[in-house]
Amino acid sequence: MTRPGGIATLAEHKRRRIDELTARTSGTGGVSLLRDAGRRLRRNPAAVVGAALILLFLVIAIFAPLVAPHDPVQRFPELTSRLTVDSIPGATAGHPLGSDPLGRDFASRMIYGARQTLFVGVLATLIGLLSGVLLGAVAGAAGGWVDVLIMRITDVMLALPSLLLAITLVALASESTQWTVIVAVAVVNVPVFARLLRGSMLAQRESDHVLAARALGVRGRDIVTRHMLPNSLTAVIVQATLTFAVAILDAAALSFLGLGDPDINRAEWGLMLGVDGVRYLEVRPELAYFPAAAIILVALGFTLLGESMREALDPKNRR
Amino acid sequence: MVRVVLRRLIQLGVTLIALMTLIFFWLRNLPGGPVDALLGERATPQTRETLIRALGYDQPIWVQYWRFVRNVVTGDLGNSIRTGEPVTAVISRAFPATVELALAAIVIAVGLGIPLGYLAARHRGRLLDNATIVVTLIGISIPIFFLGYLLKDWLTQGAHVFPPSGRISTGAGNTDVTGFFVLDGLLTREWDASADALWHLVLPAVTLATIPLAIIVRITRASVLDVLDEDYIRTADAKGLRDATIRRRHVLRNALLPVVTTIGLQTGALLAGAVLTEKVYNWGGLGTLITDSISGSRDYPVLQALILLAAFVFIVVNLLVDLSYAVIDPRVRVR
Amino acid sequence: MPLLDVRDLSVVFRRKGAEPFTAVDGVSFSVDPGQTVGLVGESGCGKSVTSLAIMGLLPRRGNTVAGEVLFEDTDLLRLRPQDLRDRRGRDIGMIFQDPLSSLNPVIPLGLQVAEVLERHQGRTRQAALREARQLLEAVGIPDPARRLKEFPHQLSGGMRQRALIAVALACKPRLLIADEPTTALDVTIQAQILALLKDLVDRSGTALVMITHDLGVVAGLCDTVNVLYAGKVVERAGRHDLFAQPRHPYTHGLLQSVPRLDADRGRRLHQIPGSVSDNIPWTEGCAFAPRCARVIDDCIGATVALEPTRRRDGALRCTNPVPQEVPA
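Okay, here's the thing in structure tokens:
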């Protein structure tokens, strides 16, 4: 599904968008540009709100065992006994958000859900980023037929809308686990990162600061590691931040389609929303509302931060 | 121009063939292979043997591949495992439903998105602009299947404003001409049927339009702001042109260029979104078909055809967008 | 009576989270009908902002414009926006620095010239296009009939600037403001464009305000020159007086830093140390003081006023000017 960055769909246009983005965010300038960007970022309320949201969920995820009132997989007799076909108990003493359809403590599951959701999102993004960056760097550095081959492969991957590609990948896997979901969502982003890095390297190869470094006799390896990669990485980090939001939304969509993690004990917001939340919407809408709200807020946090970073790094906005 | 189109068409062909090949080899290498998918695990060795021979899986892989390619090119996509019907029949039955839904969503997204984005840009920094930014941000952060259920829950259950699912009421007697129910009603003068189909279309179309709408609003807004900063707008102001002329002739035209590209890209979001939306509203189009062919045992022939179709549609739409781009932007025309 | 009389014009930029910045600080100058007046200074001295303020083209939000801009006794700063629109392009034309970005990339050249005629002279599209063709011809664009249908990217830089001149002069305005019209062009093209401007202005009797950092442009074109520094006029003089005897150390430095063919080859080119952004942190005193070779205590103590000099049209803002040479 195409999301804020607009970077999740077809070939030619995706490519153009990525290249555009690259040109904007990986411009020349180095340290002073970064410091500048950091200052503008801190002054931008959108960035602050985004970072605060991310931090909040991060803290909840890390300290889940301390924050959560109960074990997220334990079934409580006082809850299970009150489960019927058309009612799931709401808030009671000791269970502030009531029960889930299996008599587990919903509040605890929401809190542990932060862990699992961030885990899926971070891993999917990181795997996509690392493989993409590696491919892109190889393509950019090697050039020639290696470059052509890698780029044609990304073309084919970009020929399918991203969520459809993820659906296809999970559907073609023999069985689905949490890892199929993570890998499918990650693979979708590989071509995006690969093109981003390659485009950025190519653009920089001809840029003034690299030419200047070369003219000064800086070694080729040092030019790549000290001058080109740091500049490209800012673009990659921005893209990763935006990708994260899409990743957890795509993971939720896969769960909804029945392609998610089959482990019924897993407390992950996408699963909670896409499976139970939707199924029991009329019985107890909170089962959908809470995970949905959490997903929206996390996605919002990452989108806000990512877009503010991109804006801050855009030399056009430098004043 | 002709050469550009030709090159893109060749690219399209190459991409489709590569995709086809990938799917073919992937399926052949699944643990258990497609035979297990067809028969399930409990089949006797004899039935397996018969089926393997019947499907030609005893042949060398390149013979199988060649046969597969020949079949696809001639339009024979095999039979659905679930229903036994030819895949082409299954797909062409579902196709109009999805096209109808997607078109309605595009109309909503473009029709509302461009004016809203433009208004937000003109009111930069004021209430309308800020409200637009917040709402569209939520629009791109909300899981759309959840939004679909919300709308359904609020507007069909209690209030009974809209029908909860399906494309048309049972017994609303519609003669099937084109498969597009709204259009069929108009063609056969069954106005009621047409209105009923339109009524069914509202919620799914709104749900599906959400993300493209939010994105088009944001792109339009950003693009208009960019253009307002351009030197040629200052020139137009220095000429003393009327505000309306500047807006229409100088701002809008330039601001719409990136929006056109975005609309093409959003077809991808629509194809993916249709899978989710159709499941929520039980729409019975291609999205439903995908969901059906992946739930439980996979219906590989259908799935594979749908993937190829999606890639084909997506690439062709974007080719068309590129061409229309060349029409509005003279700088592209020359190149 | 002057055609344009700018009195005590000030422009203050206020941006969120930053100190207000005074870009133009009490600038006054006047332009007689048919006269060519130069505004000269380094980038950042406020000359372009001055021109935009005269035209009312500064964004309204975040800027405060004070003073008077009298055009034939009408204060342009106090006109309603729609009345100012009626005058822009008709009474006052303007051309800008970068001819490529100043032309709309997706509109054919013909319409970009014709629309100003449609707007101010009520021409029909056809009549306006016919006249646009003559205008393009008049500014020296070959094959104007074909060019009408072309787009800016199909023209060379010089042709684009010619087209913009055609736009600015289409309604025969009484005043033309040219903001660094040749800076973005090749040197050979610069000369052509300047010659064209001079020719057109002379023939039509249009007054010209020439904004430039290039003293060569001033020497070739202007009757009177205003030298700006940090948003203030620091010296005004007729062209000949200014070049013969610059009085302000800044003007003097500017002239000294122009390479000359008749200078000794071994002599180093003069440079003014620092840059315009090296502002003094106090409001009184001369803004040029930190960079000035002739600085004395009085320069930074009290406010230095712009005083008339004995030269025709002359004025000077300096406590310790370059001494006047006694004519031999």
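Chains as they are written, first to last, in the UniProt record's numbering: chain A, 1 to 319; chain B, 1 to 335; chain C, 1 to 328. Cβ atoms here follow ideal geometry from the backbone N, Cα and C, with glycine treated the same way.
Val217 (chain C) places its beta carbon 9 Å or farther from that of Val227 (chain C).
Under the three-state reduction of DSSP, Pro164 (chain B) is assigned to coil, being neither helix nor strand. Taking the Cα of Ile295 (chain A) as reference, the smallest distance to any Cα among A:Leu259, A:Ala245 and A:Gly306 is reached at A:Ala245. Within chain B, no C-beta atom comes less than 7 Å from the C-beta of Ile264 (chain A); the nearest is roughly 17 Å away. According to the DSSP assignment, Tyr57 (chain B) belongs to no beta strand (DSSP E), since it is labelled neither H nor E. Around Ala213 (chain A), the same chain offers Ile223 and His227 as residues with beta carbons nearer than 6 Å, after the five sequence neighbours per side are excluded. Assignment of beta strand (DSSP E) within the region 131 to 186 of chain C, counting only whole runs of 3 or more residues, yields 175 to 179 in chain order. Identification of chain B residues near Phe96 (chain C) by a Cβ-Cβ cut-off of 9 Å yields Asp231, Arg234, Thr235 and Ala238, ordered along the chain. Look at Arg248 (chain B): its C-beta is not under 9 Å from any C-beta on chain C.
Look at the region 274 to 289 of chain A: the residues with a C-beta under 8 Å from a C-beta of chain B are Gly274, Gly277, Val278, Leu281, Glu282, Pro285 and Ala288. Under the DSSP assignment, Phe302 (chain A) falls in the alpha helix (DSSP H) whose first and last residues are Glu286 to Leu313. Contact annotation for Leu276 (chain B) against chain A: Ala253 and Phe256 [CB-CB distance below 7 Å, chain order].
One finds nothing in chain B with a Cβ atom closer than 9 Å to the Cβ of Met210 (chain C); even the nearest lies about 16 Å away. For Phe57 (chain A), the closest alpha carbon among the candidates A:Asp314, A:Leu313 and A:Leu300 is that of A:Leu300. Residues are counted here when their Cβ sits less than 8 Å from a Cβ of chain A; for the region 50 to 62 of chain B the count is zero. With contacts defined as CB atoms closer than 9 Å, Leu271 (chain B) and Leu164 (chain A) qualify as a contacting pair. By the criterion of a C-beta distance shorter than 8 Å, Glu115 (chain C) is surrounded in its chain by Ala128, once the five residues flanking it on both sides are discounted.
In the DSSP secondary-structure assignment, Tyr229 (chain C) is bridged to C:Lys232. Linking Arg85 (chain C) to Leu213 (chain B) through their CA atoms gives a straight-line distance of about 36 Å. Around the C-beta of Lys172 (chain C), fewer than 16 other C-beta atoms lie within 10 Å, and the residue is accordingly described as exposed. By the criterion of a C-beta distance shorter than 8 Å, Ile168 (chain B) is surrounded in its chain by Asn174, Phe181, Ala193, Asp196, Ala197 and His200, once the five residues flanking it on both sides are discounted. The beta-carbon of Asp243 (chain B) is placed less than 9 Å from the nearest beta-carbon of chain C. Residue pairing from DSSP places Thr74 (chain C) in a beta bridge opposite C:Phe71. Within chain C, Asn104, Pro105 and Val106 have C-beta atoms less than 8 Å from the C-beta of Asn254 (chain B), given in sequence order. For Leu9 (chain C), the enclosing beta strand (DSSP E) covers residues Leu4 to Phe13. By the neighbour-count criterion, in which 16 or more other beta carbons inside 10 Å mark a residue as buried, Ser81 (chain A) falls on the exposed side. Among the residues facing chain B, Leu300 (chain A) is included, as its CB has a counterpart in that chain under 9 Å away. Here Pro2 (chain C) really is in contact with Ser30 (chain C); their C-beta atoms are around 4 Å apart, less than 8 Å. Asp229 (chain B) is positioned such that its CB atom lies no closer than 9 Å to that of Ile81 (chain B).
Where Thr22 (chain C) is concerned, the enclosing beta strand (DSSP E) starts and stops at Phe21 to Val31. Only Arg152, Asp155 and Val156 from the region 136 to 156 of chain A bring a Cβ to less than 8 Å from some Cβ of chain B.
By the Cβ test, the region 288 to 302 of chain B is in contact with the region 249 to 260 of chain A, since at least three Cβ pairs between them sit closer than 8 Å. If you check the CB distance, Val181 (chain A) and Gly128 (chain A) do not come in under 9 Å.
When C-beta atoms of the region 96 to 104 of chain C are compared with those of the region 54 to 74 of chain C, fewer than three pairs fall below 8 Å, so the two segments do not count as touching. Residues of the region 213 to 240 of chain C with a C-beta less than 8 Å from any C-beta of chain B: none at all. In the assembly as shown, Glu206 (chain A) is an exposed residue. Its beta-carbon has fewer than 16 other beta-carbons within 10 Å.
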